[in-house]
Amino acid sequence: MTEIQNSNPTILDAADLPTRLRTPQKSADHGLFTSALPLPAEFDASSDSDDDNLMEEPIDEQEIYDLISSISDPEHPISLGELAVVSLPDIAIKPTLPNVPESPLQTVTVLITPTITHCSLATVIGLGVRVRLEQSLPSRFRMDVRIKEGTHSTGDEVNKQLADKERVAAALENGALMGVIAKMMETCQ
Amino acid sequence: MSALQTFMLVVDHDKEEAKRIAEGIANVTVDIETKKATLIDTVQSLGEYINDEDPILRGKAISYLTAVISALSPKYLTRQQIQVLTTFFCDRIEDGGAVAGLKVLQSLDRFNKYLATQVAEALFSNFQDLQSRSQTQRFHVYELLNDLMSTHRAAMRDMGDISLLGVVDIMTGEKDPRNLMIVFSILKVVMVEWDISNHTETLFDSVYNYFPITFRPPPNDPYGITAQDLKGRLQDCIASTRRFAPHAIPALLDKLDSTSPNVKKDALNALIACIQAYDPNTVSKFSITVWEVLKFEILNAQEEFLSESSLEALQTITRRLSEGVTEVSQDLPLAKYLQPITKECNEQLHEPQNKQAKPAQSILSCVSAASPVSFTLVVQTVVAPIFTLYQEADGIVKQKALLETLNVLFESATTIFGQWTTREAEPAIDNPLLEFKDQLSEILGQVLMGAAKEEVSFRVTALKGFLRLSTLRNFFQDNEIGLFVQYLDEILLKEESVGRDDLKKEAIAALAEISKHKPRLIIDITFPAFVATLPEEDEGSDALYLPTLETLAQISVERDIFETLFRRLFSKLSILLQKEQPGSVAYPRAILVTMLYVMQQRNMGQDQSIDLYYEKVVVGLCRDVAASASGMAKNGILNDPTVLDTLGRLCNLLVRSVSTEKQEQVAENVYTLFATSDVFVPVPFNQNAGADQERTIIISTYLLAGLSKESGSRLPYINPDMSALLLDLVNRSVSSTEPAIHQSYLRHLALLVNKFLSKQDLTIAEQLFDSLLQGQSTEPNTLNHATIRTIFWLAKALVLRLAPTTTHILTSLVALISSPDQQTSVAAAQAFAIILSEDDILSSTNGATIRLLCRQRLFTTVIPLISSRIREVNTAVTDKAPDHIKPAHLTALSGILSTIPTSLVMPELPTLLPLLLQSLDLQTSGSTAVRAATLDTLAVIIRDNGVVVIDQCGHVQSLVTRLLKTTVTSNGPGAVNSPRLRADALKCLHLLAAHQSPPGTAPNARAPPAISPLLPVKNQVLRSLRAVLDDPKRDVRKAAVDARGAWLRGVDDAPEEDD
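Line order of the protein sequences matches chains A and B. Numbers 1 to 189, taken from the UniProt record's numbering, label the letters of the first sequence in order. Numbers 1 to 1059, taken from the UniProt record's numbering, label the letters of the second sequence in order.
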């Protein structure tokens, strides 16, 4: 990267990004005082009950958001979430075959909003998101990563590239490109 | 042979000889000093060599003379002799040894200024070709010069340009680091003390040519000179005189165009040094130029450390320009310098939510925190525009960013004007923020209380700003801070929780912070408001009082406040104890926990009110407990085991902090609990004690734990020895059915044996142990659960103090696992974790005897026994052991490993790893605890030591296979792998990929030059983890994503080449 294209983008506060709220533990000993009262280890033999273990937690939009919002922008050491390149409302999970209810196949749609309309790195970002999802989601998921309509001057072109399996595969063979993407994903945890 | 002749012959070859010659020289010297010979004789005896054709021979002769001179006493030579010798050496200065001779001579008292000049001139005129000589020769010349500089500086300085140019000429081209260290320090003297006006540039160039230093010391460098040493000396030279400024500052700024961050770093450091050293007028001349260049480094930061150094440079300039300035005016050089800076920042702040607004804030922060004057100037130019922007701002994001900028200024204000608690004198200038006080308090109050409830981070920003201003010295009036305190109270008491409750957390922290500065406000405003919400009794199901108590606990660490809190809570508790219908015991317990929490945060030993707390809690409440145990209380609060446990902890903490006399008082009342015998009969030896009475042992145990060893002599029932008391406790513990009472008996027993039993009486405990093992029951090798726990606690007490029979004890315990009775075996195996596990009563805080080597001892005694027994079971063909034996041993093993530091485990890893792998093979739901402990151990081993250790044992493949097996989900009840196990196994897999290089190597130095030992299993892992990505539990999926990512990225077949 020779020249930074957008040197002064808008940044969201990390504390304001959407996060999953854990249901607070309802127990007699409230958080603060547990440090004052360490329970003898022998008493709490089975902490996770069977009930808890059986409850399923399906993959939802927030989980997808958590997977991709921590990817770094290739230009700045700032996450895609903070730059609002990806946002929770622009993520959707739908059954791939709505007519076949028993099919486990699901499609994840992620719309990307580049920080500026002529950003040449939009493709790289899209590719990064795609790679991250492919590495992190089970095989029954289909990815659909696109540029959000009206946010990029050559959005259609980029979308065509991102949707083209052959081209994506070819891009992933490119060492330099994969280097950039690997760097973007270093911050994912 | 004369000393001279010997010297001439062997000086070069022989150490032994040289020593003898030294004696010869010493003889000559003595001869001269005692007037048996004269110096002239010595010189004359040199005659034949001194004019020889061979320079080596001449050098030796002169060295001889030097040796003689240096051996003479410093007072011996006369002024005249020195003069003659100096002239002689100067003539022969190029011959070896002459420089050393001059070095000796110049150090003599009678060596004068004139001679110094002569020597210097001889040096300058004869060593034009110095750089063609050897390093050592150059070194000697520099040393001589350095000595002249320090002992005869005036003479050297009087030579003026001659010495200046002489030094520069002589050193030009020097490259050796050792020599450069001297050269730089010589040059620095010249720069500082000579009149350099005619040769500023020459002198500057002579050192600046070396910038930047790229020297890298060779490995095992004997001289130990680092690049940093050289950089330091060079930097001192560059910064030595303001006359260099016109050369140095532009040159250093130019270096910032370099592509190497290290060069830029050096340039910035040198620049900072220059700013600190040059005078303010000079700094002022270049200040704006420096800003223009550094601006770029900060706004478009490449590397964090560069922008930090740049900010430091800006701040240093600000500080220098503020020197001696007492009145604020726009004509100050400081004002002229700050003008473009604040202008730039103001421009950046037009879009305060953008990326470059952050660096602009940092710039404002660093220049405003430099001095009271700079702060005033910045505030005057920046605050009003921020207010305007704020009013016009079209959204909360923007407003919030502006508030953050204000907070930065508040922080600088705190640096400059101090907080209420700051003791140093206040600056003479008024705080310029005072002008905006009402405006600020209005905006902050409006955001904090008026903004939409879900705008948490916006409100938090306002809260932080308000807090800064409230703690700022002499800024707000008390009633204004009081208003803020009321806001905080309102947030905490009236508002619903939103999201992660960040606002409430911040509000509590803010109250705690204010309590340090204005405790009165907290006591007067917050306490009544909060205490008023505490109910008389726990009426409903949801404990609304808990958040209130929590908040009170967090803000009451200051002494005055804590005493108020204690009094208020104690009276609440007293009322509760008098009620016929007190409601749930959770409430009194919560009150006690609150007191306990705050006392733990404070240093109670130093508290002046400790006696009050002691009387009220230890004496008063214990007496109430005794009365309650005898059925004389209005309600059952003090019969509840959880209340007693909390009260006990409170007593324990207080007993530890009170005086010796009070401790002895406690010791005498450990069982009577300060009650008279007509009210309460103590538990020991009381055969008719009911459950309520027996429960008082909980309090007794905590009291006992807090006592010092010395006060143990005042304990009751210990004469003539403890055997009766111990036996009574053992009998009670073996037959006890209520868990809390049982546990207290065990701890009580352990405390007595570990802490108070004397060395000679240890046999009592050991006999007790043996008799318990033999069992009261008729069936051999069958012991009930309570008995087994008693045995292990007794063992714990003895093993921790490393009693003489430790080995016997441990061996007996291991034998218990092989009991044919499954229940005995399993219970014993599980109890192994007891021996070394941390206990908060039998702890070093409570003065228990815990020997350092006890872990080692247990490990080396027990592990071989367990591992050989497992091998036996595995290989036995006939005579098969019962099925439970092997899992039981593995359970015991995991219990021990969980209490032992990995450093002890590592040497035994080759033996242990197969056992750990076998634990993972236990695919039953009953083995969950064992497997979880095993995974924990494995995780620690991998994290601390990397994959290498596993690879060395040859178990990578088998470990990975078992870990993968543990990640598999199976549905239905009694699922074999619980979510926690699956996540733990994934964590281990993640750690494997993340710690491929052994610890200690730098993470970015791509260490594994060889193929990673993980490579053969990479595909297997990636394929299996793909399925785990669809795990029903979210936490497991997250762990799977991380692990898979680490394997994808971290496990390579070839090390990556650097690019």
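Note that beta-carbon positions come from the ideal geometry of N, C-alpha and C, so glycine has one too.
Label L305(B) either buried or exposed according to how many other C-beta atoms from any shown protein chain fall within 10 Å of its C-beta, with 16 as the threshold for buried. Leu is not the amino acid found at residue 305(B); the sequence shown has Phe there. Classification for F305(B): exposed.
Simplified DSSP assignment, three categories, for S27(A): Since pLDDT at S27(A) reaches only 40, below the 50 mark, its modelled position is unreliable, and the value read off the structure follows with that caveat. S27(A): coil per DSSP, three-state reduction.
Separation of R473(B) from P218(B), as counted between CA atoms: Approximately 55 Å, taken between the alpha carbons.
Quick check on F141(A): does DSSP put it in helix, strand or coil? Correct three-state label for F141(A): strand.
Would DSSP call G631(B) helix, strand or coil? Note: G631(B) maps to coil in three-state DSSP.
Just tell me which of A507(B), Q135(B), R233(B), V730(B) has its CA closest to the CA of T787(B). Of the listed residues, the one whose Cα sits closest to T787(B) is V730(B).
Since I believe R869(B) is in contact with H889(B) (beta carbons under 8 Å), could you give me their beta-carbon distance rounded to a whole number of angstroms? The beta carbons of H889(B) and R869(B) sit about 6 Å from each other, so the pair counts as a contact at 8 Å.
Does the distance from the C-beta atom of L65(B) to that of V43(B) stay below 8 Å? For L65(B) and V43(B), yes; Cβs fall inside 8 Å.
Using beta carbons (cut-off 8 Å, strictly below), is D502(B) in contact with chain A? It does; some Cβ of chain A falls within 8 Å.
At 8 Å on the CB atoms, spell out the chain A contacts of L813(B), in chain order. Correct list: empty, because the minimum Cβ distance to chain A is about 17 Å.
Answer with buried or exposed for T1001(B), where buried requires no fewer than 16 other C-beta atoms within 10 angstroms of its C-beta. Reliability fails at T1001(B), whose pLDDT of 49 lies under 50, so the model's placement of it is uncertain and the value that follows must be treated cautiously. With fewer than 16 other Cβ atoms within 10 Å, it is exposed.
Would L137(A) count as contacting chain B if we go by Cβ distances under 8 Å? Yes, contact with chain B.
Looking at the structure shown, is L57(B) part of a helix, part of a strand, or coil, going by DSSP? Reduced to three states, the DSSP call for L57(B) is helix.
So Q687(B) is in the alpha helix (DSSP H); what residue range does that whole segment cover? Premise fails: Q687(B) is in no alpha helix (DSSP H) and is neither H nor E.
How many whole angstroms separate the CB atoms of L565(B) and A590(B), which I take to be in contact at a CB cut-off of 8 Å? About 14 Å separates the beta carbon of L565(B) from that of A590(B), a gap too long to meet the 8 Å contact definition.
Assuming L85(B) contacts I69(B) under a Cβ cut-off of 8 Å, what Cβ separation, rounded to an integer in Å, is found between them? 7 Å between Cβ atoms; contact.
Which partner residues of D538(B) appear in the DSSP bridge assignment? Answer by DSSP bridge pairing, in chain order: G583(B).
In whole angstroms, give me the CA-to-CA distance for S723(B) and L757(B). About 10 Å.
Find the nearest neighbour of L703(B) within the set A689(B), F680(B), R747(B), V734(B), judged by alpha-carbon distance. Residue nearest to L703(B) within the set A689(B), F680(B), R747(B), V734(B) is R747(B) (criterion: CA-CA distance).
Whole angstroms are fine: how far does the CA of S362(B) sit from the CA of P372(B)? Distance between the alpha carbons of P372(B) and S362(B): 18 Å.
Using the beta-carbon count (16 or more within 10 Å), is P352(B) buried or exposed? Buried: at least 16 other Cβ atoms inside 10 Å.
Between which residues of its own chain and V557(B) is the CB-CB distance below 8 Å, once the five residues before and five after are set aside? A512, S515, V598, Q601, R602.
So is R1023(B) in contact with chain A if we call contact Cβ pairs under 8 Å? Closer than 8 Å: no.
Tell me the rounded alpha-carbon separation between S47(A) and D984(B). With a pLDDT of 42 at S47(A), under the threshold of 50, the predicted position of this residue should be treated as unreliable, and no value is reported.
Once DSSP output is grouped into helix, strand and coil, what is the label at L834(B)? A small fix is needed here, since residue 834(B) is Ile in this sequence, not Leu. Here I834(B) sits in helix by DSSP.
Rounding to the nearest angstrom, what Cα-Cα distance links I238(B) and E61(A) in this structure? So the two alpha carbons sit approximately 60 Å from each other.
Identify which residue in T117(A), S136(A), D164(A) has its Cα closest to the Cα of T151(A). Nearest option by C-alpha distance: T117(A).
Count Cβ pairs between the stretch 879-888 of chain B and the stretch 688-701 of chain B that sit closer than 8 Å; are there 3 or more? No contact exists between the stretch 879-888 of chain B and the stretch 688-701 of chain B.
Can you list, in chain order, the residues of its chain whose CB lies under 8 Å from that of P901(B), leaving out five sequence neighbours each side? Same-chain partners within the cutoff: R855.
Give the residues of chain A in contact with N300(B), contact being defined as C-beta atoms less than 7 Å apart. The contacting residues are S7.
Hey, is G1045(B)'s beta-carbon within less than 8 Å of any beta-carbon in chain A? It does: the Cβ of G1045(B) has a partner Cβ on chain A nearer than 8 Å.
Kindly indicate which residue of F89(B), K113(B), I396(B) has the alpha-carbon position closest to the one of V104(B). For V104(B), the closest alpha carbon among the candidates F89(B), K113(B), I396(B) is that of F89(B).
For the alpha helix (DSSP H) containing T811(B), name the first residue and the last one. Looking at the DSSP string, the run of the alpha helix (DSSP H) that includes T811(B) is 806-817.
Compare the C-beta of L67(A) against all C-beta atoms of chain B and say whether one is closer than 8 Å. Residue contact check for L67(A) against chain B: a CB pair falls below 8 Å.
Which residues in chain B sit within 9 Å of R140(A), going by Cβ to Cβ distance? Here the neighbours are D1030.
Just checking: is the beta-carbon of H76(A) within a distance shorter than 8 Å of some beta-carbon in chain B? Yes, H76(A) counts as interfacial toward chain B.
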